[in-house]
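Mind the numbering: the sequence shown is residues 470 to 569 in this note's numbering, read in order. The beta carbon of each residue, even a glycine, is placed where N, CA and C say it ideally should be. Report on the structure given below.
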Amino acid sequence: ARPARPRQPPRLWEIVGGMSLGGILVRKGRDLDSDRFSERLSTGAVVQELVLDCDRLYFFRLSGSGPQKGWITTALDHKALATRITTDQASELAQSAIVW
């Protein structure tokens, strides 16, 4: 039997862009020309990383408003739209609200 691997905490991101627009654009597919959701992912939302492919992030929303899951761009024109939450910050969030 294989030894059990320690459970890794999920990689979490905070949405920091789109404040003046009501959040950031979310697409239904990875490609930049794929259909978009009508609702934006709110600034301040916390999402869990499901897939990270260069600057494209497939997420599951844990807090905030917007689509439950979808694809976003993490940075645009050298500006961050989403920033990775540190392990310490993730631990604090887990203790307060998020169930892994």
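Take the alpha-carbon of Pro478 and the one of Arg553: they are about 13 Å apart.
For the pair Phe506 and Lys538, the Cα-to-Cα distance works out to about 10 Å.
Beyond the five residues adjoining it in sequence on each side, Gln558 comes within less than 6 Å, by CB distance, of no other residue in the same chain.
Fully enclosed beta strand (DSSP E) runs of no fewer than 3 residues occupy 515 to 522, 525 to 530 of the region 491 to 537, in order along the chain. Look at Thr555 here: in three-state DSSP terms it is coil, with no helix or strand label. Non-local beta-carbon contacts of Glu508 in its own chain, meaning distances under 7 Å to residues more than five positions away in sequence, involve Gly535, Pro536 in chain order.
Excluding sequence positions up to five before and after Asp524, its CB lies within less than 7 Å of the CB of Thr542, Thr543, Ala544, all in the same chain and listed in chain order. With a 10 Å radius around the Cβ and a threshold of 16 neighbouring Cβ atoms, Thr555 comes out exposed.
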